[in-house]
Every structure is written in structure tokens, then in C-alpha cells.
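Visitor: First the structure, then my questions, so here it is.
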Amino acid sequence: MHPVELKPVFLFADSQFLFYWNESGLFLDKIKYFLPKEINGDEIKAAYIGASNGDDPQFYEIFEIAMQQIEIRNCRMIKSNPDKDDNEFLKRADIILLAGGNTEKGWDVIKRNGWDDIITCKYFTGAILIGISAGAIQLGAKGFQESNDEKIKGFNTLQLVPFIIDVHADDNWLNLIKRVESEKGQFKGYGIPYGAGIIYYPDMSLETVQFSCIEIIKNGENTLKSKVLLSSSLY
Numbered sequence: 008m009h010p011v012e013l014k015p016v017f018l019f020a021d022s023q024f025l026f027y028w029n030e031s032g033l034f035l036d037k038i039k040y041f042l043p044k045e046i047n048g049d050e051i052k053a054a055y056i057g058a059s060n061g062d063d064p065q066f067y068e069i070f071e072i073a074m075q076q077i078e079i080r081n082c083r084m085i086k087s088n089p090d091k092d093d094n095e096f097l098k099r100a101d102i103i104l105l106a107g108g109n110t111e112k113g114w115d116v117i118k119r120n121g122w123d124d125i126i127t128c129k130y131f132t133g134a135i136l137i138g139i140s141a142g143a144i145q146l147g148a149k150g151f152q153e154s155n156d157e158k159i160k161g162f163n164t165l166q167l168v169p170f171i172i173d174v175h176a177d178d179n180w181l182n183l184i185k186r187v188e189s190e191k192g193q194f195k196g197y198g199i200p201y202g203a204g205i206i207y208y209p210d211m212s213l214e215t216v217q218f219s220c221i222e223i224i225k226n227g228e229n230t231l232k233s234k235v236l237l238s239s240s241l242y
């Protein structure tokens with residue numbers, strides 16, 4: 008039995024990345040590159056989890072159109088109240104996308120359905136994981152409750168990417184800084200601006216795509232904020 012080759016995890020600030028082109032071509036071709044070469048597009052299963060947006064069909068349609076660009080047509084929305092076929096499809100999926108929306112509400116659905124265990128198992132058996140906005144946060148180390156008070160209330164998420172992730176913040180990443188500080192430096196934080204993405208590789212290296220991202224590190228009494236420069240190559 009051959010050892011399983013873990014795949015990169017793709018974290019996007021928003022869904023425009025599903026249609027991103029540059030001089031190297033369509034970005035989704037990079038994702039398809041990591042799929043087993045012996046299976047064709049009709050056999051590849053792509054699962055969409057829209058729990059964070061209430062299973063909005065408009066967002067699922069965007070996912071379907073994006074997958075068609077790389078000739079993947081066997082797609083399925085895994086409903087928040089799943090039937091047996093939904094769960095079976097998820098367990099067999101080659102690609103799993105966690106969509107954007109409300110991070111905490113989506114995570115509650117993921118936990119309730121036991122999808123956290125399924126997604127983790129799929130990652131360690133070679134599936135490709137994609138997180139968009141809230142989905143990117145859920146693939147990271149911690150999510151945080153939305154609250155009007157000053158107390159920061161975090162909850163563990165999938166932790167397949169061992170960093171605190173935030174996306175398209177308009178507060179100069181102050182919330183991300185507070186979240187990293189609340190964990191007393193246990194985790195680095197990464198902020199992904201609109202239109203940008205991070206690829207997390209199994210060797211724990213990062214690649215930023217389209218725009219530079221922000222890195223937050225708490226070092227003793229100091230909190231350091233720096234840019235993660237745009238990587239030079241997509242392929």
C-alpha cells in the first residue's frame with residue numbers, strides 16, 4: 008500500500024479566486040494538478056459545504072460553474088440537514104469546499120453533523136480542501152464568536168492549518184491582532200485581504216497568491232505585524 012500524499016490546503020478571502028487567471032493560466036488548474044492523474048473529470052467528486060451561508064443556492068451555483076472550468080461536473084451541495092447520500096458523497100469526495108458566511112453558525116453545523124471528523128479524515132487520505140472566507144477560518148486553528156463586548160471568545164476549529172486566519176478585514180487587522188494576543192502566542196495569525204489567497208503546504212510552508220498577506224506573531228510582550236510577500240510563482 009502506497010503512503011498517502013497530503014495535498015495543499017487552499018484558503019481564499021472570497022470566491023473571485025475560483026475564476027482567477029494570470030499569465031500562467033487559470034488558477035483552478037493548479038488545484039486540478041494535485042488530483043490523481045488516473046481519474047478523469049467525470050469521476051472526480053467535488054463536495055460543497057454551504058453551512059455558513061445557510062445553503063444559499065446562488066453560492067452553490069458559483070461553485071458548480073467554477074468546477075466546470077476544470078471539467079469537474081460531479082458536484083454536490085452537502086445540505087446542513089444531510090441525508091444519507093449527502094454524507095456518502097462527502098466521504099468519497101476528492102475536493103471539499105467550505106463556503107463563506109457566518110463562521111460560528113457554519114461551524115456549529117459542521118460539528119453537529121460530525122463533518123469535522125469526516126473532513127479531517129479526508130485530508131489525511133489525500134483530498135483537496137478549499138476554504139473561502141468563513142471556510143478559510145474554519146480550516147484554521149480557531150474561530151471567534153462575534154460579540155459587542157471586549158472579551159474575545161474563541162473556539163477550536165479544524166486546525167488542519169495551524170494558524171489563526173482572518174479575511175478581508177477593514178480594521179487594519181486589529182481583530183486578528185487581538186485574537187492572536189488572546190491565545191498568548193500559541194498560534195501565528197494570517198490575514199488574507201480581498202482578492203488574495205494562501206496555499207498551505209504539508210511541510211508547513213505558505214504561498215501567497217495575487218496579493219501580499221499579513222502575518223501576526225506574538226513574541227513575548229511584543230506583537231509583530233508584517234507582510235507575507237507575494238510568491239513569485241503559481242506553479
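For this note's numbering, count along the sequence shown from 1 and bump the result up by 7. Just so it is clear, CB atoms sit at the ideal spot from N, CA and C, and this is done for glycine as well.
Can you tell me whether DSSP reads Ala148 as helix, strand or coil?
Guide: coil
Visitor: Using alpha carbons as the reference points, say which of Gly204, Val216, Ile135, Lys191 lies closest to Glu228.
Guide: Lys191
Visitor: Which value, in whole angstroms, describes the spacing of the CA atoms of Asn182 and Ile46?
Guide: 43 Å
Visitor: Would the stretch 89-99 and the stretch 137-150 be scored as touching if the rule is three or more Cβ pairs under 8 Å?
Guide: no
Visitor: Do you know whose CA, among Lys232, Phe194, Ala176, lies nearest Thr164's CA?
Guide: Phe194
Visitor: Go ahead and pull the three-state DSSP assignment for Glu153.
Guide: coil
Visitor: Just verifying my parser: in three-state terms, what is the DSSP assignment at Asp84?
Guide: It should be pointed out that residue 84 corresponds to Met in this sequence rather than to Asp. DSSP places Met84 in strand when its eight states are reduced to three.
Visitor: If you count every other CB in all the chains shown that lies within 10 Å of the CB of Leu231, and 16 or more means buried, which is it?
Guide: Residue burial is scored here from C-beta neighbours: Leu231 has fewer than 16 other C-beta atoms within 10 angstroms and is therefore classed as exposed.
Visitor: Would you grab the beta carbon distance between Val187 and Lys225 for me? Rounded to a whole angstrom, and I think it's under 8 Å.
Guide: 5 Å
Visitor: Got a sec? Which residues, its chain only, sit under 6 Å from Ile137 by beta carbon, not counting five neighbours each side?
Guide: Phe17, Leu104
Visitor: Between which two residues does the alpha helix (DSSP H) containing Ala54 stretch?
Guide: It is not in any alpha helix (DSSP H) - Ala54 instead sits in the beta strand (DSSP E) that spans 52-56.
Visitor: For Phe170, which of Lys52, Leu97, Gly196, Ile184 has the nearest alpha-carbon?
Guide: Gly196
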